[in-house]
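Peer 1: One structure, as structure tokens, below. Some questions next.
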Ligand SMILES: [Cu+]
């Protein structure tokens with residue numbers, strides 16, 4: 020059956036990161052839900068970091084399934100809202116304990132730092148939050164995408180295609196699948 | 020004063036291309052309006068090519084100003100809707116006659132081909148519509164971004180950051196501005 024992904028976003032999330040993750044995963048055949056955090060209703064769009072208004076498929080508190088990956092886009096104040104959300108913490112804990120992938124890009128690795136999931140792990144982030152990861156015990160990398168166990172991290176909008184392709188490869192069971200790269204990179208003109 | 024941009028999109032436009040153009044231009048200090056084509060109301064979001072629902076700032080028929088650039092994202096059936104829209108044709112004609120920039124990525128150069136704006140011009144597009152450009156008299160290029168006079172074209176989601184940066188450079192009056200590249204590429208981690 021199709022692998023599944025849950026992408027979480029909030030007001031002030033980076034719209035390019037949010038949309039690249041959802042779109043590339045759907046191109047890869049991953050059943051992908053875009054869920055809102057902190058909104059009172061899914062009737063209204065969220066307002067992203069540069070003012071683009073995007074509708075969630077549903078609010079995060081309606082997502083009771085177990086997905087194969089939980090994806091956190093960056094952007095501020097979106098990443099801080101995700102970090103401080105009890106619903107996000109509960110979803111991450113549940114998926115981490117089930118051995119599912121957790122993926123965070125740009126400022127969003129601060130969510131994983133706060134939850135002590137980066138201690139002794141190789142990880143990266145946007146440079147602006149490097150010290151938060153180091154203080155949480157991460158072995159900081161400047162690579163564009165870093166995978167350590169079930170945790171995938173990446174740096175920003177410009178690394179987000181590679182980040183999403185890494186997630187798709189990992190879901191296919193092959194961390195560097197030539198087939199996935201060929202199927203995704205070529206039509207996108209990467 | 021700030022330069023201005025009008026980004027046009029429709030149901031079935033490529034959401035990554037739409038959002039990258041709007042976001043990068045806003046990061047560059049360009050006053051950017053995202054306008055919908057073919058929707059009956061701006062109360063409802065458009066449904067993009069991979070199902071992401073994005074709100075326009077206003078419907079295109081409300082856009083009576085002269086902008087410094089008109090930007091057309093690709094994706095299907097969005098690009099075909101843009102091509103067949105009388106409002107889009109009117110906006111492009113008005114801006115082209117005023118010597119403003121016209122920029123199209125992915126499948127959207129078919130709009131310019133149909134309007135005979137590519138005859139004798141260097142241009143590129145997604146490979147899937149290359150023959151349409153050649154038949155319209157374009158000198159086809161496989162470069163990732165091509166500027167010829169006031170027309171800027173590019174290839175797909177993976178070239179869209181470069182496309183948007185080229186637009187920002189051109190609006191700053193310097194087609195290869197090191198300052199614009201530094202200001203945009205570095206924080207985006209390109
Ligand atoms: Cu496209």
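Chains as they are written, first to last, in my numbering: chain A, 20 to 209; chain B, 20 to 209.
Each residue gets a CB set at the ideal place from its N, CA and C atoms; glycine is no exception.
What's the C-alpha gap between residue 55 of chain A and residue 115 of chain B?
Peer 2: Position 36 of the first chain, counted from the start, is the residue given in the question as residue 55 of chain A. Position 96 of the second chain, counted from the start, is the residue given in the question as residue 115 of chain B. The straight-line gap from Cα to Cα measures roughly 40 Å.
Peer 1: Give me the Cα-Cα distance between residue 117 of chain A and residue 87 of chain A, rounded to the nearest whole angstrom.
Peer 2: Locating residue 117 of chain A in the first chain gives position 98, where the first residue counts as 1. Locating residue 87 of chain A in the first chain gives position 68, where the first residue counts as 1. Distance between the alpha carbons of residue 117 of chain A and residue 87 of chain A: 9 Å.
Peer 1: Over the uninterrupted beta strand (DSSP E) stretch that includes residue 167 of chain B, give me the two end residues.
Peer 2: For this step, residue 167 of chain B is matched to residue 148 along the second chain. Its beta strand (DSSP E) spans residues 164-167.
Peer 1: Kindly provide the ranges of any beta strand (DSSP E) runs that are 3 or more residues long and lie completely inside the segment 53-140 of chain A, ordered along the chain.
Peer 2: If we require 3 residues or more, the beta strand (DSSP E) runs fully inside the segment 53-140 of chain A come out as 72-74, 88-91, 120-124.
Peer 1: Can you confirm whether residue 202 of chain B, when its beta carbon is compared against all beta carbons of chain A, has any partner nearer than 9 Å?
Peer 2: Here residue 202 of chain B refers to the residue found at position 183 when the second chain is read from its first residue. False, the Cβ-Cβ gap to chain A never drops below 9 Å.
Peer 1: On the DSSP bridge assignment, give the partners of residue 50 of chain A in chain order.
Peer 2: Taking the first residue of the first chain as 1, we reach residue 50 of chain A at position 31. DSSP lists A/23 as partners of residue 50 of chain A.
Peer 1: Could you list which residues in chain B have their beta carbon closer than 9 Å to that of residue 73 of chain A, in chain order?
Peer 2: For the purposes of this step, residue 73 of chain A is taken as residue 54 along the first chain, with counting starting at 1. Going along chain B in sequence order, the residues near residue 73 of chain A (Cβ under 9 Å) are 34, 38, 64, 71, 72, 73, 74.
Peer 1: Going along chain B, which residues have a C-beta under 8 Å from residue 92 of chain A?
Peer 2: Residue 92 of chain A sits at position 73 when you count from the first residue of the first chain. None at all; the shortest Cβ gap to chain B is about 12 Å.
Peer 1: Of the residues A/84, A/37, A/98, which one's Cα is nearest the Cα of residue 71 of chain B?
Peer 2: By 1-based counting over the second chain, the position of residue 71 of chain B is 52. Residue 71 of chain B has its Cα closest to that of A/37, out of A/84, A/37, A/98.
Peer 1: Hey, is residue 194 of chain B's beta-carbon within less than 9 Å of any beta-carbon in chain A?
Peer 2: Numbered from 1 along the second chain, position 175 holds the residue referred to as residue 194 of chain B. For residue 194 of chain B, the answer is no, since every Cβ of chain A falls outside 9 Å of its Cβ.
Peer 1: Would DSSP call residue 142 of chain A helix, strand or coil?
Peer 2: Walking along the first chain from the start, residue 142 of chain A turns up at place 123. Of the three classes helix, strand and coil, the one that applies to residue 142 of chain A here is strand, per DSSP.
Peer 1: Kindly indicate the opening and closing residues of the alpha helix (DSSP H) around residue 172 of chain B.
Peer 2: Within the second chain, numbered from 1, the residue matching residue 172 of chain B stands at position 153. Premise fails: residue 172 of chain B lies in the beta strand (DSSP E), 170-173, not in any alpha helix (DSSP H).
Peer 1: Given this structure, state the Cα-to-Cα distance separating residue 152 of chain B from residue 137 of chain B, to the nearest angstrom.
Peer 2: Within the second chain, the letter at position 133 stands for residue 152 of chain B. Within the second chain, the letter at position 118 stands for residue 137 of chain B. If I take the Cα positions, the gap works out to 7 Å.
Peer 1: Check distances from the C-beta atoms of the segment 128-155 of chain B to those of chain A and list, in chain order, the residues that come in under 9 Å.
Peer 2: Within the segment 128-155 of chain B, the residues whose Cβ lies closer than 9 Å to some Cβ of chain A are 145, 146, 147, listed in chain order.
Peer 1: Alpha carbon to alpha carbon, how far is residue 98 of chain B from residue 77 of chain B?
Peer 2: For the purposes of this step, residue 98 of chain B is taken as residue 79 along the second chain, with counting starting at 1. For the purposes of this step, residue 77 of chain B is taken as residue 58 along the second chain, with counting starting at 1. In a straight line, the C-alpha of residue 98 of chain B is about 19 Å away from that of residue 77 of chain B.
Peer 1: Apply the 10 Å Cβ neighbour rule to residue 139 of chain B and answer buried if 16 or more other Cβ atoms are within range, or exposed otherwise.
Peer 2: As a working note, residue 139 of chain B is residue 120 in the second chain. Classification for residue 139 of chain B: exposed.
Peer 1: Can you check whether the C-beta of residue 209 of chain B is within less than 9 Å of a C-beta belonging to chain A?
Peer 2: Looking up residue 209 of chain B in the second chain gives position 190. Chain A contact via Cβ: present.
Peer 1: Where residue 24 of chain B and residue 53 of chain B are concerned, what is the direct C-alpha to C-alpha distance, given to the nearest angstrom?
Peer 2: Indexing the second chain from 1 puts residue 24 of chain B at position 5. Indexing the second chain from 1 puts residue 53 of chain B at position 34. For residue 24 of chain B and residue 53 of chain B, the distance between alpha carbons rounds to 9 Å.
Peer 1: Inspect the beta-carbon positions of residue 126 of chain B and residue 171 of chain B and report whether they are closer than 9 Å.
Peer 2: In the second chain, residue 126 of chain B corresponds to position 107, counting from 1. In the second chain, residue 171 of chain B corresponds to position 152, counting from 1. Their beta carbons are not under 9 Å apart, which means residue 126 of chain B does not touch residue 171 of chain B by this criterion.
Peer 1: Taking residue 180 of chain B as the query, report the chain A residues whose CB atoms sit under 8 Å from its CB, ordered along the chain.
Peer 2: Start at 1 with the first residue of the second chain, and residue 180 of chain B comes out as number 161. Under the 8 Å cutoff, chain A gives 176, 177.
Peer 1: If you compare alpha carbons, which of A/203, A/197, A/142, A/50 is closest to residue 163 of chain A?
Peer 2: To locate residue 163 of chain A, count along the first chain from 1; it is residue 144. Measuring from the Cα of residue 163 of chain A, the nearest candidate turns out to be A/142.
Peer 1: Skipping 5 residues on each side, what residues in its chain have a beta carbon closer than 7 Å to that of residue 44 of chain B?
Peer 2: Stepping through the second chain from its first residue, residue 44 of chain B is reached at position 25. Answer for residue 44 of chain B: 24, 51, 183, 186, 187, listed in chain order.
Peer 1: Mind checking if residue 43 of chain B is an interface residue toward chain A, Cβ cutoff 9 Å exclusive?
Peer 2: As a position in the second chain, residue 43 of chain B is number 24, starting the count at 1. Chain A, which has a Cβ nearer than 9 Å to the Cβ of residue 43 of chain B, makes this yes.
Peer 1: Please decide whether residue 206 of chain A counts as near chain B, where near means a Cβ-Cβ distance under 9 Å.
Peer 2: The sequence position of residue 206 of chain A within the first chain is 187, counting from 1. Output row for residue 206 of chain A: interface = yes.
Peer 1: Looking at the strands, I want to know which residues DSSP matches up with residue 28 of chain B.
Peer 2: Counting from 1 along the second chain, the entry for residue 28 of chain B is found at position 9. Answer is B/55, bridged to residue 28 of chain B.
Peer 1: Kindly indicate if chain A contains any beta-carbon less than 9 Å away from that of residue 27 of chain B.
Peer 2: Residue numbering aside, residue 27 of chain B sits at position 8 when the second chain is read from its first letter. For residue 27 of chain B, the answer is no, since every Cβ of chain A falls outside 9 Å of its Cβ.
Peer 1: Kindly indicate if chain A contains any beta-carbon less than 9 Å away from that of residue 110 of chain B.
Peer 2: Looking up residue 110 of chain B in the second chain gives position 91. For residue 110 of chain B, the answer is no, since every Cβ of chain A falls outside 9 Å of its Cβ.
Peer 1: Output, in chain order, the set of chain B residues within a Cβ distance shorter than 8 Å of residue 53 of chain A.
Peer 2: Start at 1 with the first residue of the first chain, and residue 53 of chain A comes out as number 34. Those are 71, listed as they occur along chain B.
Peer 1: Can you check DSSP and say which residues form a bridge with residue 178 of chain A?
Peer 2: In the first chain, counting from the first residue as 1, residue 178 of chain A sits at position 159. Its beta-bridge partners do not exist; DSSP assigns none.
Peer 1: Roughly how far, in whole angstroms, is the beta-carbon of residue 21 of chain B from the beta-carbon of residue 179 of chain B, given that I think they are within contact range, below 8 Å?
Peer 2: Your numbering for residue 21 of chain B matches position 2 in the second chain. Your numbering for residue 179 of chain B matches position 160 in the second chain. About 22 Å; that fails the 8 Å criterion.
Peer 1: Inspect the beta-carbon positions of residue 175 of chain B and residue 145 of chain B and report whether they are closer than 9 Å.
Peer 2: Mapped onto the second chain, residue 175 of chain B falls at position 156. Mapped onto the second chain, residue 145 of chain B falls at position 126. Taking 9 Å as the Cβ cut-off, residue 175 of chain B and residue 145 of chain B qualify as a contacting pair.
Peer 1: Let me check understanding here. Comparing Cα to Cα, which of A/42, A/80, A/85 lies closest to residue 67 of chain B?
Peer 2: Counting from one through the second chain, the residue named residue 67 of chain B turns up at place 48. Out of A/42, A/80, A/85, A/42 has the C-alpha closest to the C-alpha of residue 67 of chain B.
Peer 1: Does any residue of chain A bring its CB to less than 9 Å from the CB of residue 160 of chain B?
Peer 2: On the second chain, position 141 is the one that residue 160 of chain B refers to. For residue 160 of chain B, the answer is no, since every Cβ of chain A falls outside 9 Å of its Cβ.
Peer 1: What I want to know is whether the C-beta of residue 53 of chain A ends up closer than 8 Å to one or more non-hydrogen atoms of ligand 3.
Peer 2: Questions concerning ligand 3 fall outside what the structure shown contains, since the ligands it does hold are ligand 1.
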